[in-house]
Amino acid sequence: MIENVYRFTSHANFYIINEPHKITMIDSGIAADRDDIIELFRQREIDPYSIKDILLTHHDIDHVGNAALISDLSGAPVWISEPDLPYLKMEINRPGIKHEKEQQFPYDIPKNINIYNEEHDFNIPLEIIPAPGHTLGHVIVKYGKFLFIGDLFRINDDGKASILESKFNIDEALILESIERVSKMDAHWILPGHGNPVEFGKIDWERLIRG
Ligand SMILES: [Zn+2]
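First residue of the sequence shown? That's 165 in our numbering, and the numbers climb one at a time after it.
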């Protein structure tokens, strides 16, 4: 927990921004962990009815798995980018190994899905920033000094950043371009989909971008 931002770890991390009566959820873990998530919410006194938005960084099953559950509990809409929407809705098979995973870890498709658009103002000040490469529609979420980076890159056990294994990425050149843009942003915390949060200034951006 950093200030009012809570991390939960399912197969992947997901996050709660806990503003009074205006909770925002970023990603939602894997469907197999639904009971654990409900228990975690209970332990941390997260009231599902206070969840106002469920933001998905991308379509992978370990990020979208409980979006329908939380959306049904809270009434909150689920948000995703247009390029990633058909995968969330299972209208297109996920590529490569991700197709095996979607068969192995089935999830419910949310009923209330919105597509990110620049005109929309969320309940709290948030910026949705396209950061393609891991998936084509991958986005990151900026909340003040917090950057929720999804799977743009991961943080390893030694605290170092690296991009995910090739088989999980759709376009690594695009990832590096996205990371380069992120490296110039004004932020204090990097909150990854995999690994522990790290301070922005502790990341060796040059090594990450140039390999
Ligand atoms: Zn992913």
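Quick reminder that beta carbons are idealized off the backbone N, C-alpha and C, glycines included. Note that the structure is predicted; figures quoted are calculated from it, not measured.
Identify every residue that forms a DSSP beta bridge with Ala325. Ile319
Using a Cβ distance threshold of 8 Å, determine whether the region 247-260 contacts the region 182-194, with at least three qualifying pairs required. no
Locate the alpha helix (DSSP H) running through Phe205, then write down its first and last residues. Run containing Phe205: Arg198 to Gln207, per the alpha helix (DSSP H) assignment.
Using only the heavy atoms of ligand 1, determine whether one of them is closer than 7 Å to the beta carbon of Phe332. The answer is yes for Phe332.
For Gly301, verify whether its CB is less than 7 Å away from any heavy atom of ligand 1. no
Could you tell me whether the region 345-356 touches the region 300-319, using the rule of 3 or more Cβ pairs below 8 Å? yes
Please classify Arg345: does DSSP put it in a helix, a strand, or coil? Correct three-state label for Arg345: helix.
So what does Val305 bridge to, in DSSP terms? Ile292 and Phe312.
Own chain residues within Cβ distance below 8 Å of Ile319, not counting five before or after: Ala325, Ile354, Pro356, His358, Gly359, Asn360, Pro361 and Val362
Through-space distance from Asp335 to Phe286, alpha-carbon basis: 30 Å
What are the boundary residues of the alpha helix (DSSP H) that includes Leu252? Leu249 to Leu252
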